[in-house]
DNA sequence: AGATTTTACCCCACTTTTCCCCACTTTTAC
DNA sequence: GTAAAAGTGGGGAAAAGTGGGGTAAAATCT
């Protein structure tokens, strides 16, 4: 289970250090994908396989499915951690997540989220604005 | 499994470098075909054989099938990678995909898609317009 | 058929990117 | 406070991407 929030930087070679706490669970490599809300996800190989198998089974005859398959696999990358526990983030994913320098990396149960620090700050601010609504929703689920 | 998105160029001799990550899976040669959505597909020899067998088995008595068979095989090409890992893209396929100079090559599970950069940009823009539908779909398959 | 032009393909050269490795700084643990 | 681990930066070799020359094969023309 991935837990906790970390701040880190991407360097000029587009490498990001995976927080040390997450490395053992990933076992030297991971799948980096496009996530919701303009952030990126890191999945374990196993979890990715499960998703990929479901998605690959969609009918190619449907244009929306084709787009979806293209978007999903085209924005997924197998990343091997280097000697220092870093992964390289490819251009298309950096652009999607507005990644330039400062990052926030946060564990989210079965995946790790990677945010541009700025995007995350904006997002958190926006969340505050609608916080009462959010609390109401939690109440529904008795949390 | 083909993954990731790459940008590349076609040169004056109509050659395109196949992204290095895809070469091992193709093993020196591949089948280049006309894809959906005004892009081209690269299949492994094995996957192409399977498809070709299915398509060849369609009843010739049906005019629509005859046309499809003609179109499919007429726009398929066996491509051998040269010493630098490039394939030559024939004229009919270049025209179909509006290929002139800049390309986007994207892995889509069992095939590789080759797009003219301009066509892909237009396509992606159109996709953004209907993004909510798309996001819902992703949500279905996310874990 | 022979000559000429075009196309294909092998090879070499240059530029850019990637990746491995080492070094330094900062944080964590004891 | 000291040692170890984590995070960050960068040099340099290797690989990937790109362009182009030269020769052989194919197509076209006369």
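Chains as they are written, first to last, in this note's numbering: chain A, 280 to 422; chain B, 280 to 422.
Each residue gets a CB set at the ideal place from its N, CA and C atoms; glycine is no exception.
Being a predicted model, the structure only gives us computed values, none of them experimental.
Inset, instruction - Quickly, what does DSSP pair residue 288 (chain B) with across the bridge? List them, please. - result: B:381
Inset, instruction - Indicate whether residue 329 (chain A) and residue 348 (chain B) have their beta-carbon atoms separated by less than 8 Å. - result: no
Legend entry - Of the listed residues B:398, B:316, B:289, nearest to residue 341 (chain A) (C-alpha basis): B:316
Legend entry - 6 Å Cβ shell around residue 313 (chain B) - same chain, five flanking residues per side excluded: 354, 375
Inset, instruction - List the residues that DSSP assigns as beta-bridge partners of residue 357 (chain B). - result: B:310
Inset, instruction - Label residue 365 (chain B) either buried or exposed according to how many other C-beta atoms from any shown protein chain fall within 10 Å of its C-beta, with 16 as the threshold for buried. - result: buried
Legend entry - Classification of residue 280 (chain A) by the beta-carbon crowding that lies within 10 angstroms, buried from 16 upward: exposed
Legend entry - Cutoff 7 Å; reference residue 369 (chain A); Cβ partners in own chain excluding five residues on either side: 356
Legend entry - Selection of the stretch 343-366 of chain B by Cβ proximity to chain A, strictly under 7 Å: none
Inset, instruction - Assign residue 307 (chain A) to buried or exposed, taking buried as 16 or more other Cβ atoms, counted over all protein chains shown, within 10 Å of its Cβ. - result: exposed
Inset, instruction - Kindly indicate the opening and closing residues of the alpha helix (DSSP H) around residue 397 (chain A). - result: 396-408
Legend entry - Chain-ordered neighbours of residue 369 (chain A) on chain B, where CB pairs are closer than 9 Å: 283, 284, 285
Legend entry - Contact set between residue 385 (chain B) and chain A, taken where Cβ atoms lie within less than 8 Å: 349, 352, 353
Inset, instruction - Please list the partners that residue 326 (chain A) has in chain B, where partner means a Cβ-to-Cβ separation under 9 Å. - result: 422
Legend entry - the stretch 310-321 of chain B: positions lying closer than 7 Å to chain A by Cβ: 315, 316
Legend entry - Distance between beta carbons of residue 391 (chain A) and residue 320 (chain A), contact taken as under 8 Å: 7 Å
Inset, instruction - Would you check if the distance between the CB atom of residue 292 (chain B) and the CB atom of residue 381 (chain B) is smaller than 8 Å? - result: no
Legend entry - Proximity winner among B:294, B:407, B:304, B:284, relative to residue 362 (chain B) (alpha-carbon distances): Put simply, of B:294, B:407, B:304, B:284 the residue whose alpha carbon is nearest the alpha carbon of residue 362 (chain B) is B:294.
Legend entry - Secondary structure, beta strand (DSSP E): runs of 3+ residues fully inside the stretch 316-341 of chain A: 319-322
Legend entry - C-beta atoms of residue 323 (chain B) and residue 304 (chain B) nearer than 8 Å: yes
Inset, instruction - Apply the 10 Å Cβ neighbour rule to residue 327 (chain B) and answer buried if 16 or more other Cβ atoms are within range, or exposed otherwise. - result: Residue environment: residue 327 (chain B) is assigned as buried (16 or more neighbouring CB atoms within 10 Å of its CB, all protein chains considered).
Legend entry - Delimiting residues of the beta strand (DSSP E) encompassing residue 376 (chain A): Here residue 376 (chain A) belongs to no beta strand (DSSP E), and DSSP marks it neither H nor E.
Inset, instruction - Report yes if the C-beta of residue 305 (chain A) is less than 7 Å from at least one heavy atom of the ligand HEM; otherwise report no. - result: No copy of the ligand HEM occurs in the structure displayed, which carries no ligand at all.
Inset, instruction - Please classify residue 348 (chain B): does DSSP put it in a helix, a strand, or coil? - result: helix
Inset, instruction - Please classify residue 372 (chain B): is it buried, with 16 or more other beta-carbons within 10 angstroms of its beta-carbon, or exposed? - result: Burial check for residue 372 (chain B): the Cβ neighbour count within 10 Å reaches 16 or more, so the residue is buried.
Legend entry - Cutoff 6 Å; reference residue 358 (chain A); Cβ partners in own chain excluding five residues on either side: 309, 311, 366
Inset, instruction - Please classify residue 281 (chain B): does DSSP put it in a helix, a strand, or coil? - result: strand
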